[in-house]
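Single-structure report; data block below.
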Amino acid sequence: MESKFYISKDKTAIENFTAIVNSMNDISVNGKILKYEFKIIADDIIFFRINSKNFTVKLEQIQNNIFRMYVNDELIELNCKTDTDKLKETLGIGSNSDDKQSEIRSPMPGAVVKISVCEGDRVLKGQTVMILEAMKMENELKAQSDCTVKKIHVKEKAAVEKGQLLIEL
101 MESKFYISKD KTAIENFTAI VNSMNDISVN GKILKYEFKI IADDIIFFRI
151 NSKNFTVKLE QIQNNIFRMY VNDELIELNC KTDTDKLKET LGIGSNSDDK
201 QSEIRSPMPG AVVKISVCEG DRVLKGQTVM ILEAMKMENE LKAQSDCTVK
251 KIHVKEKAAV EKGQLLIEL
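In terms of the working numbering, the sequence shown opens at residue 101 and continues consecutively.
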């Protein structure tokens, strides 16, 4: 079974890793094989042995994708997202997080058809802020949360690339 996750320890650092569970005793993380065992000690505490090293992990779910994890009493806060979560976030649909959105990036190459907001505008969650055309289809980009438009980085009819910053919120 293969799963891809985007893990960030803070608001800026994103680490991408692929984990493949090969069997009940080994897992491949970015191509490196790790031997593991685990035992559930309590509802939120798990004992792991990974490559002969012992770890006690306490996991607290703060929000849908946000976790507070204590590994051998060291605190690590994680924001875990899948490819689907990131695409939904980029498109501004189906957000499961109460985090404030800080930017909107282009989900695909295309052209800006319409900008529905101005700098300084207050926008509501779900409000369309821009329409992009890609492969002769129009795509509405929406705000994930209530916010204020800080800066618009493109103009109508401009060509944009995938991942390009369009609007700062």
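Ideal Cβ placement from N, Cα and C applies to all residues, glycine included. Since this is a predicted model, take the numbers as computed values, not measurements.
Query                                                                                                : Result
Stretch pair the segment 224-242 + the segment 150-168: three plus CB contacts closer than 8 Å       : no
For Ala-258: DSSP bridge partner residues                                                            : DSSP lists no partner for Ala-258.
Top-ranked residue by Cα proximity to Leu-224, from Thr-248, Asp-173 and Arg-168                     : Thr-248
Cutoff 7 Å; reference Phe-155; Cβ partners in own chain excluding five residues on either side       : Phe-148, Val-171 and Asn-172
Inter-residue CB distance, Glu-233 and Val-254 (contact presumed, cutoff 8 Å)                        : That pair is no contact at about 13 Å.
Coarse secondary structure for Asp-185, derived from DSSP in three states                            : helix
Per-residue DSSP class, three states only, for Gln-244                                               : coil
Segments of 3+ residues assigned as beta strand (DSSP E) that fall wholly inside the segment 127-154 : 132-142 and 145-150
Cα-Cα separation, Leu-134 to Leu-178                                                                 : 21 Å
Leu-187 to Glu-240 span [Cα, whole Å]                                                                : 13 Å
Limits of the beta strand (DSSP E) - the one that Leu-265 falls within                               : 265-268
According to DSSP, residues forming a beta bridge with Gln-161                                       : Phe-167
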